[in-house]
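Residue numbers (my numbering), protein chains in the order written: chain A, -9 to 435; chain B, 235 to 527.
From the three backbone atoms N, C-alpha and C, an ideal C-beta is built for every residue, glycine too.
Bear in mind the structure is a predicted one, so any value in this text is a computation, not a measurement.
Below is one structure, written out as structure tokens, with a few remarks after it.
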Amino acid sequence: MNTNKRKRELVTEFSPMIEKPHPMLKLWILVLSVIIAIGLYAFYLQFTQGHQITGMRDNVVWGVYIINFIFFVGLSYSGAFISGILHFFNTPWKSSVTRIVEIITVLSIIVGPIFILLCIGRLDRLYYLFMYPRIQSPITWDIIAIITDLVGCFIYLFLTFVPDFAILRDTPDLKVPNWRKKLYRFLAINYRDTDSQRQRLHKITRIMSKMVIAMAIVAYTVLAWIFSLTLQPGWNSTIFAPDFIFSGLYSGVGVIIIIMFLIRKYFKLEKYIVQSHFVMAGIVLLVLSLLFGYFTFSDYFAKWFSHKPADINLLNTLFGRYFWQFILANYIGVLVPLFILSIKKIRTIKSITFAAVVAVLGLWLNRYLIVVPTLETPYVPIQDTRPEYLHYTATWIEWALSFAGVAAFILFFLLIMRLVPIISISETIQHERGQNSKQDESYNY
Amino acid sequence: MRTKFIQYIVFPLVIGFLFNLSAYAQDTDLKNYRVRFGLTTVKQSDNSRVLEASFIATNKKDRKDRVPVYEADINFYNVTETEDILLGTTKTDKEGTAQLTVPANQAYVTDADGFINLKAVFDGTDGLDSEEAELAVKDVFLELNLKEIDSVKTVILNAYTLDSLNTKIPLEDTEISFTVGGFIKNLPIQKGTVEDGQLQFKFPENISGDKNGNIDVIASIVDSDEFGNVIQKKNINWGTNKIIEVESNKLWSRVAPIWMYIVLSILLLGVWANYAYSIVNLLKMKNEGKELE
Chain A
-9 MNTNKRKREL VTEFSPMIEK PHPMLKLWIL VLSVIIAIGL YAFYLQFTQG
41 HQITGMRDNV VWGVYIINFI FFVGLSYSGA FISGILHFFN TPWKSSVTRI
91 VEIITVLSII VGPIFILLCI GRLDRLYYLF MYPRIQSPIT WDIIAIITDL
141 VGCFIYLFLT FVPDFAILRD TPDLKVPNWR KKLYRFLAIN YRDTDSQRQR
191 LHKITRIMSK MVIAMAIVAY TVLAWIFSLT LQPGWNSTIF APDFIFSGLY
241 SGVGVIIIIM FLIRKYFKLE KYIVQSHFVM AGIVLLVLSL LFGYFTFSDY
291 FAKWFSHKPA DINLLNTLFG RYFWQFILAN YIGVLVPLFI LSIKKIRTIK
341 SITFAAVVAV LGLWLNRYLI VVPTLETPYV PIQDTRPEYL HYTATWIEWA
391 LSFAGVAAFI LFFLLIMRLV PIISISETIQ HERGQNSKQD ESYNY
Chain B
235 MRTKFIQYIV FPLVIGFLFN LSAYAQDTDL KNYRVRFGLT TVKQSDNSRV
285 LEASFIATNK KDRKDRVPVY EADINFYNVT ETEDILLGTT KTDKEGTAQL
335 TVPANQAYVT DADGFINLKA VFDGTDGLDS EEAELAVKDV FLELNLKEID
385 SVKTVILNAY TLDSLNTKIP LEDTEISFTV GGFIKNLPIQ KGTVEDGQLQ
435 FKFPENISGD KNGNIDVIAS IVDSDEFGNV IQKKNINWGT NKIIEVESNK
485 LWSRVAPIWM YIVLSILLLG VWANYAYSIV NLLKMKNEGK ELE
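Printed below as a string of structure tokens:
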């Protein structure tokens, strides 16, 4: 195989994404920018007027912000976990999906923590967290874990991008502005794809892939501990950390499938993202739906069986005020993907994507049920009986900022797709190289 | 809504109605009540004697319907052949109980058999008839000795009465209960019969004491026809001294436990060292590429 020729072919194939943006893409960027602008205005209002314009009160101190935070951070950790696994085991079909996973990993760890900042009533005192940290507090551990994970994910993402930056740098025909060419040259860090450089890059990528798996487990465990180390009924559970890890993976795989579907459809990548990728991801989603369902059932069953008054109070709230949300999150969100993915005949790209959408929505709702009804049923009921103090309802400010976060995630994703090919050229070549050598070996026999 | 209606409207109405009915019954049907007037006595460890009169009206048809007679003046007497010596007067409380503590130095007049005859008297009012109850008890003395005999913690009880010449007459065939003082209820440790004025047993091990290991050993005669209730007790350092250590939560202290610093430092150093290693390799890679150029 002529590697250089193949590189040029692939660049030519992916260049429309990099060179000139599609009019639809421009429209998308505009729409997303408007949503972000509305979010920024909502943030301005929240910053100037305080948390009184949100639905959060003394009783329910956390709302959709923390739910988005858990959701996005979980997405990042699951992305890191899956990406690490793909690299570590050198999965044959990884070349088509690995970049999507890596971008999800980094973007969600950037967007997620912004939501936790929105939960802070006095943002002007944020630096206190660093000035006077309490090592005993899981919140401090979480800050350390998120910062460490963010840096690790950036390094890891960069390592996987370097060969493609080098390929783009070495393609003079690429019709991109000069600043982009300079940027490719800078980011390619003199990578020439020599044996020595390739081995070195492979070695550190492999080490980093192990590291990001470990980091994902540790960091998401710490996030779960923020809840489970409190004595709050509904949170104080030993099962919370593994439950968080599996549910994070569940949502992560779901989002990966959805993004794979959208990219495949709108960027005409049917050749690279094939049905087998969806089936593989669907089977992983199936296993995770079983695990997530098992952990969820086990947690609620233990609460119901032990019959502690505070737990029963919480269950009554869940099966009372939040009945339909509970059914959607923990029954529909598990059973529908389970049903679709377990029957081979209906395992199509569309059905798998539909199952992923149901799983992701169910899981977001599951996070809502973990946070809001639990805070509404504390050990000592709040004295004030005003409904808005007892129960939580998100205001438009919170929704605007939530959608702005999602919009920022999509916008950054589209911008990164403008910078580098969404299918890793170097990984594809490496994969084809591996296939050719296998064929050669079989011919020799 | 339905629950609240029942909780706040129906339930109070029903309760109020029931209370009202019973109040009406008490006012109008007094003849249906039988008055019970009783007297008991407890000789305490300091040799003082508590006289207790119980004054309660019980419904003839329903024994559970008991109405205490409170604020009733009760006179307590030491009855002799010639006269009734007034020991004191007290009023019944809300439970219908009147208690009088007669000091240890009170000289009682006994009858020919050595019994102290006691009497509680309610003189009567316009609404209630006069009542009286009598009781005859012998003055018994319990001496509690707690000794370690050959390293064995031993409880020795001597029980006797005094005759007219103050000669000690040992008690026979009298049942004694031994308990140790407890926070809510006393703990029984031994039950036995006094023979020849003495009872002895080995004190059980592993009985918890207070924070200093002190314990109250109590010997008592309960509801005896001859002696009434008699209590004797002694405090001794025989209890197992169980110090309940209140675990101080180190996570709430100003400084974190040392293991936490060590574990976090190792974890962070490990991860960041790995990052540094990756960056160093990237720089080496960059230099290699520069040399090629």
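Considering only their Cβ atoms, is the gap separating residue j from residue i smaller than 8 Å?
i              : j              : result
residue 238(A) : residue 256(A) : no
residue 250(A) : residue 235(A) : no
residue 390(A) : residue 94(A)  : no
residue 289(A) : residue 218(A) : no
residue 430(B) : residue 396(B) : no
residue 377(A) : residue 304(A) : no
residue 397(A) : residue 25(A)  : yes
residue 247(A) : residue 214(A) : no
residue 303(B) : residue 362(B) : yes
residue 88(A)  : residue 416(A) : no
residue 351(B) : residue 313(B) : yes
residue 242(A) : residue 69(A)  : yes
residue 190(A) : residue 519(B) : yes
For residue i, count neighbouring C-beta atoms within 10 Å of its own C-beta (all shown protein chains included) and say buried if the count is 16 or more, exposed if not.
i              : result
residue 137(A) : exposed
residue 385(B) : exposed
residue 282(A) : buried
residue 114(A) : exposed
residue 358(B) : exposed
residue 92(A)  : buried
residue 395(A) : buried
residue 418(B) : exposed
residue 145(A) : buried
residue 363(A) : buried
residue 488(B) : exposed
residue 383(B) : exposed
residue 101(A) : buried
residue 294(A) : exposed
residue 21(A)  : exposed
residue 524(B) : exposed
residue 9(A)   : exposed
residue 267(A) : buried
residue 201(A) : buried
residue 454(B) : buried
Hey, residue i and residue j are a contact pair by Cβ (cut 8 Å); roughly how many whole angstroms apart?
i              : j              : result
residue 278(B) : residue 465(B) : 6 Å
residue 65(A)  : residue 245(A) : 6 Å
residue 470(B) : residue 449(B) : 6 Å
residue 354(A) : residue 61(A)  : 6 Å
residue 428(B) : residue 405(B) : 5 Å
residue 379(A) : residue 372(A) : 6 Å
residue 441(B) : residue 473(B) : 6 Å
residue 418(A) : residue 0(A)   : 6 Å
Please classify residue i: does DSSP put it in a helix, a strand, or coil?
i              : result
residue 422(A) : helix
residue 426(B) : strand
residue 335(A) : helix
residue 532(B) : Absent from the structure is residue 532(B), since the part of chain B shown begins at 235 and ends at 527.
residue 299(A) : helix
residue 392(A) : helix
residue 306(B) : coil
residue 289(A) : helix
residue 245(A) : helix
residue 474(A) : In the structure displayed, chain A extends from -9 to 435; residue 474(A) sits before or after that span and is not available.
residue 463(B) : strand
residue 332(B) : strand
residue 359(A) : helix
residue 310(A) : coil
residue 482(B) : coil
residue 435(B) : strand
residue 174(A) : helix
Check whether the stretch 348 to 357 of chain B touches the stretch 303 to 320 of chain B, taking contact to mean three or more Cβ pairs, one atom from each stretch, closer than 8 Å.
-> A contact is defined here as three or more CB-CB pairs under 8 Å, and the stretch 348 to 357 of chain B meets this definition with respect to the stretch 303 to 320 of chain B.
Within the chosen definition, does the stretch 39 to 47 of chain A reach the stretch 399 to 414 of chain A through at least 3 CB pairs nearer than 8 Å?
-> The stretch 39 to 47 of chain A, when compared against the stretch 399 to 414 of chain A, does not touch it at the 8 Å Cβ threshold.
Count the C-beta pairs between the stretch 276 to 291 of chain B and the stretch 320 to 332 of chain B that are closer than 8 Å, then say yes if the count reaches three, no if not.
-> Three or more Cβ pairs closer than 8 Å define a contact, and the stretch 276 to 291 of chain B meets that threshold against the stretch 320 to 332 of chain B.
Report yes or no: do three or more beta-carbon pairs, one from the stretch 505 to 513 of chain B and one from the stretch 185 to 199 of chain A, lie closer than 8 Å?
-> Taking 8 Å as the limit for Cβ pairs, the verdict is that the stretch 185 to 199 of chain A does touch the stretch 505 to 513 of chain B.
Take every Cβ of the stretch 124 to 143 of chain A, pair it with every Cβ of the stretch 170 to 177 of chain A, and state whether three or more of those distances are shorter than 8 Å.
-> Output reads no: the stretch 170 to 177 of chain A does not touch the stretch 124 to 143 of chain A.
Can at least three beta-carbon pairs, one atom from the stretch 71 to 78 of chain A and one from the stretch 407 to 425 of chain A, be found at a separation below 8 Å?
-> Look at the beta carbons and you see the stretch 71 to 78 of chain A not touching the stretch 407 to 425 of chain A: under three pairs across the two are nearer than 8 Å.
Quick check: the stretch 147 to 164 of chain A against the stretch 102 to 111 of chain A, are there 3 or more CB pairs under 8 Å?
-> No, the stretch 147 to 164 of chain A does not touch the stretch 102 to 111 of chain A.
Examine the Cβ distances between the stretch 316 to 324 of chain B and the stretch 359 to 371 of chain B and report whether three or more of them are shorter than 8 Å.
-> Short answer: they don't touch.
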